[in-house]
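Student:
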Amino acid sequence: MSEPYRIEHLADLPPVKCLCGETRRAFVDDAAGVASMHLVEISTDAQTHYHKSLTELYYILEGEGEMELDGQRHPVKPGDAILIKPGCRHRAIGRLKVLNVPVPAFDPDDEWFD
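Residue 187 in the numbering used here sits at position 37 of the sequence shown, and the numbers go up by one each step.
#1: Where does Gln197 land, buried or exposed, given buried means 16+ other C-beta within 10 angstroms?
#2: My output table needs one value for Leu233: the three-state DSSP class, helix, strand or coil.
#3: Is there contact between the segment 180 to 188 and the segment 218 to 232, where contact requires at least three CB pairs shorter than 8 Å?
#4: Would DSSP call Thr204 helix, strand or coil?
#5: Arg174 to Leu249, Cα distance in whole Å?
#6: For Ile192, tell me which candidate among Cys168, Pro154 and Phe256 has the shortest Cα-Cα distance.
#7: Please report the distance separating the alpha-carbon of Ile234 from that of Glu261.
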C-alpha cells in the first residue's frame with residue numbers, strides 16, 4: 151500500500167509551458183485525482199478559456215494584474231483568492247505568480263475555447 155500522503159517542493163518540479171506562461175504541476179499523476187496544485191508564473195496575458203468539469207482556486211502570491219471572469223475584469227494583488235467554477239470563462243492579465251488548485255486534478259483535455 152502506498153503512503154496516504156505526498157510532499158512535493160513546487161520550485162523543484164520541471165516547468166511546463168501553459169496558456170499564460172509556465173507552470174509547475176504537483177499531484178497531477180495521483181491515482182485518486184482528487185486535486186492538483188500548480189505554481190504558475192503568468193508572463194503574458196492568458197487566452198480566455200473555461201473548464202467543463204473542474205473548479206479552480208487561485209491564490210495570488212506576487213504581482214498585480216487582473217482576472218477576467220465571464221468578461222468582467224477584476225484587479226488582483228497578493229493575498230487575493232479566486233474561486234472559478236466550471237463554465238466560467240477566465241484568464242489572468244499581467245505579470246503574476248499564482249498558486250492554482252484544480253479540483254478534481256488538472257486534465258489538459260478539459261480546457262475549452264470559444
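From the three backbone atoms N, C-alpha and C, an ideal C-beta is built for every residue, glycine too. All figures in this text were calculated on a predicted structure; none of them were measured in a lab.
Tutor: Well, looking at it:
#1: exposed
#2: strand
#3: no
#4: Note that residue 204 is Leu in the sequence shown, not Thr. DSSP places Leu204 in coil when its eight states are reduced to three.
#5: 10 Å
#6: Cys168
#7: 13 Å
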